[in-house]
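Residue numbers (the numbering used here): 901 to 1209. Structure first, then comments.
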Amino acid sequence: MARWIVKALAQRTIGFMPNPDYWSDLVQRKIAGSVDLTYPFFLSRLDVARKNLEACARENSPAEVLELGTGWFPIVPLALRLAGASQVRTCDIVEHVSPERLRATLQAFARAADDGELNRRLPAINQALLQQFQSLDSTGQTCVESLHALGVDYMVGDFPAARLAPASIDLIVSHAVLEYIAAAPFMELLHAFRRVLKSDGAMSHWIDFSDEYAYFDKSISPLNFLKYPDWAWRVINNPIIPLSRLRIDDIRRLFASAGFIISHEETVKLDMSAMRKLPLAREFASRDIEDMRVLDAWITARIMQADGA
Ligand SMILES: C[S@@+](CC[C@H](N)C(=O)[O-])C[C@H]1O[C@@H](n2cnc3c(N)ncnc32)[C@H](O)[C@@H]1O
């Protein structure tokens, strides 16, 4: 049996056990060893923060920022704080950040300050706040409390729409999150974003359109999952990494229906000859091949004005 199918089946089993996030995290730590913070990963997330700031296209840093999908290491929200955001809110459906991971994140910030990477990758660092990062005593504190002391509001659970005032956010960001959200909840989320974003605010999202199993099983195409019809994908797909398989044309439609206009799109595509060799399921075969072969995309969006601008 192909390696990726074994992994998908294992995740499916874990996904239906009680407390699946606990077991998934345990397997990743003990078997895959994949949740340690490496310095290259840290630096890549500083670059994500910089791309997010560029999406704002303003002279001043965005004041109020909201991140969807914190993940294991709150690098992006802390980097955005250092780069001038006065308040950063970050939310995730799972509490992946632990005191050890927060400590590792702050140590990486200290290393990047020492070796110059922080100044090289981010504009105008708030030095006083950086000192605060380095002197934070988190003994006896929860991650939520420690992050709060650094100006980051870490919220775990469903999207906290009720806690966010209308038109209160300058910048909404996500990285490697939206691909897990199916069309109906995606639309709900976009409506919530539309409500909380200021009229001159911006959104910056990096979306992975590839088949995540191809990172693990190099024998399959990065778009292998497009071979399967919807019914078969429902059997393979699982609650641990629920890949929606929405394509970039679906995303454009959803954004437009929610009242957003995509102002910038930067895509990476699968090589055309490899794409032509992939036997696409009927659901994808009749659609524009240029959209189907997108592997990932940075999307900047703004609220559509009443005149359609
Ligand atoms: C692949 S990780 C990316 C984490 C981080 N943004 C990064 O780039 O390192 C995806 C994260 O999104 C979170 N997530 C998935 N669906 C979500 C949703 N509907 N709302 C908030 N977070 C979600 C997951 O729990 C996970 O932490």
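We put the CB at the ideal spot given by N, CA and C, even for glycine.
What are the complete beta strand (DSSP E) segments, minimum 3 residues, inside the stretch 1079-1162?
1097-1108
Tell me the DSSP bridge mates of Thr990?
By one-based count along the sequence shown, residue 990 stands at place 90. Glu967 and Tyr1054.
Give a single yes or no on whether Leu946 has its beta carbon closer than 7 Å to a heavy atom of ligand 1.
For the purposes of this step, residue 946 is taken as residue 46 along the sequence shown, with counting starting at 1. False, no ligand heavy atom lies under 7 Å from that Cβ.
With hydrogens ignored, establish whether the beta-carbon of His996 is closer than 7 Å to any heavy atom of ligand 1.
For this step, residue 996 is matched to residue 96 along the sequence shown. It does: the Cβ of His996 is within 7 Å (strictly closer) of some heavy atom of ligand 1.
So the alpha helix (DSSP H) Thr1005 belongs to, where does it begin and stop?
To locate residue 1005, count along the sequence shown from 1; it is residue 105. First-last of the alpha helix (DSSP H) with Thr1005: Pro999 to Asp1015.
Any heavy atom of ligand 1 inside 7 Å of the beta-carbon of Phe942?
By 1-based counting over the sequence shown, the position of residue 942 is 42. Not so, every heavy atom of ligand 1 lies at least 7 Å from the Cβ.
Can you tell me whether Glu1166 is helix, strand or coil according to DSSP?
Residue 1166 sits at position 266 when you count from the first residue of the sequence shown. The answer is strand: DSSP assigns Glu1166 an E or B state.
Does the stretch 1025-1038 come close enough to the stretch 1062-1072 that 3 or more CB-CB pairs lie under 8 Å?
no
What did DSSP end up calling Trp904 once you bin it into helix, strand or coil?
Position 4 of the sequence shown, counted from the first residue, corresponds to residue 904. Residue state, collapsed to three classes: helix.
Counting pairs of beta carbons, one from the stretch 950-965 and one from the stretch 982-990, are three or more of them closer than 8 Å?
yes
Within 10 angstroms of the Cβ of Tyr1128, are there 16 or more other Cβ atoms? Answer buried if so, exposed if not.
Translated into positions along the sequence shown, residue 1128 becomes position 228. Buried, since its Cβ has 16 or more Cβ neighbours within 10 Å.
Beta-carbon spacing of Leu978, Leu1022 below 8 Å:
Here residue 978 corresponds to residue number 78 of the sequence shown, with the count starting at 1. Here residue 1022 corresponds to residue number 122 of the sequence shown, with the count starting at 1. No, the pair does not count as a contact, with Cβ atoms beyond the cut-off.
Closest by CA to Ala963, which one among Ile1148, Lys1169, Asp1130 and Arg989?
Residue numbering aside, residue 963 sits at position 63 when the sequence shown is read from its first letter. Selected option, being the one with the closest Cα: Arg989.
Taking the alpha-carbon of Asp1111 as reference, which of Ser1119, His1105 and Ser1104 has the nearest alpha-carbon?
Numbered from 1 along the sequence shown, position 211 holds the residue referred to as residue 1111. Nearest option by C-alpha distance: Ser1119.
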